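Just so we're on the same page, the numbering used here is the position in the sequence shown counted from 1, plus 28.
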Amino acid sequence: MNLSEDGPKREVRGALVKVLVHRRTDRGMRLEEHAARCVRRGEVHELVTTDQWDPRPGARIDRVGFLGFAELACGGVIDRGDLVRIGQTTVGTVLGFDACHLPNHYNILIHTPGPVSGRDLGLQPETPVVFVQGRPGEPVTGPATSGTPAPGGS
């Protein structure tokens, strides 16, 4: 979040359409240079967790857990620092984007204390996914533990 430029924005909402259950330690994703991406209603993007926090463009992200694919119900802007909620759990914070699969989909990289998969969190298709604008002073990640909301999370 850029305090000198960013005002309020709406939440970007969607739902899981496929759950993924694996992790990798050698994925080799590359962080895109842009800290924000505009997304459209109906797009499907992959949700990927990592414990690596390196926001530099081109940073290599190897330690990852795959949550699944989410279809977006509305357009909007997803920014580095946005909170990611899946069901009642605040999973983590948007780190950025990997574009290796474009034009098909983005990998939305979510910072968590450790890489977690959809199986680890007990995710199911149709579980709601929400990207909520981050606020200064909020923790950069949630607990990412199955069924446990972050403190103050809904």
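We put the beta carbon where it would ideally sit given N, CA and C, even for glycine.
Quick caveat, the model's predicted, so the values are computed rather than measured.
Neighbour-count burial assignment, residue i, 16 or more Cβ in a 10 Å radius
i, result
"E74", "buried"
"D107", "buried"
"S32", "exposed"
"R55", "buried"
"R113", "buried"
"G124", "buried"
Pick from the options that is closest to residue i, judged by C-alpha positions
i, options, result
"Q116", "P156, G103, D148 and W81", "P156"
"L48", "P36, N135 and G124", "N135"
"V160", "P153, H129, V105 and T140", "V105"
"M57", "E154, W81, V158 and R147", "W81"
"P153", "L59, G109 and K46", "K46"
"R59", "G86, G42, G146 and V158", "Reading off the sequence, residue 59 comes out as Leu, not Arg. Measuring from the Cα of L59, the nearest candidate turns out to be G86."
Residues that DSSP places opposite residue i in a beta bridge
i, result
"T77", "G93 and I138"
"D126", "N135"
"R52", "V92"
"V112", "G120 and F159"
"A64", "D107"
"V40", "F159"
"V47", "G96"
"V72", "E99"
Presumed contact (8 angstroms Cβ cut-off) between residue i and residue j, rounded CB distance
i, j, result
"T118", "T77", "Not quite, the Cβ-Cβ distance comes to about 12 angstroms (not below 8 angstroms), so this is no contact."
"D126", "L137", "6 angstroms"
"R68", "G96", "Incorrect: roughly 19 angstroms between the Cβ atoms, too far for contact."
"D79", "R88", "That belief does not hold up - the Cβ atoms of D79 and R88 are roughly 14 angstroms apart, past 8 angstroms."
Span separating the alpha-carbon of residue i from that of residue j
i, j, result
"R51", "R163", "29 angstroms"
"L100", "C66", "12 angstroms"
"A178", "G120", "Low local confidence applies: a pLDDT of 36 at A178 is under 50, so the model's placement there is unreliable, and no value is given."
"A63", "T53", "24 angstroms"
"S182", "H129", "Model confidence at S182 stands at a pLDDT of 33, short of 50, so the residue's coordinates are unreliable; what they give is reported in the following sentence. So the two alpha carbons sit approximately 32 angstroms from each other."
"P143", "P36", "30 angstroms"
"V40", "G70", "12 angstroms"
"R84", "L44", "29 angstroms"
"V72", "F94", "15 angstroms"
"G150", "A98", "15 angstroms"
"R147", "D34", "35 angstroms"
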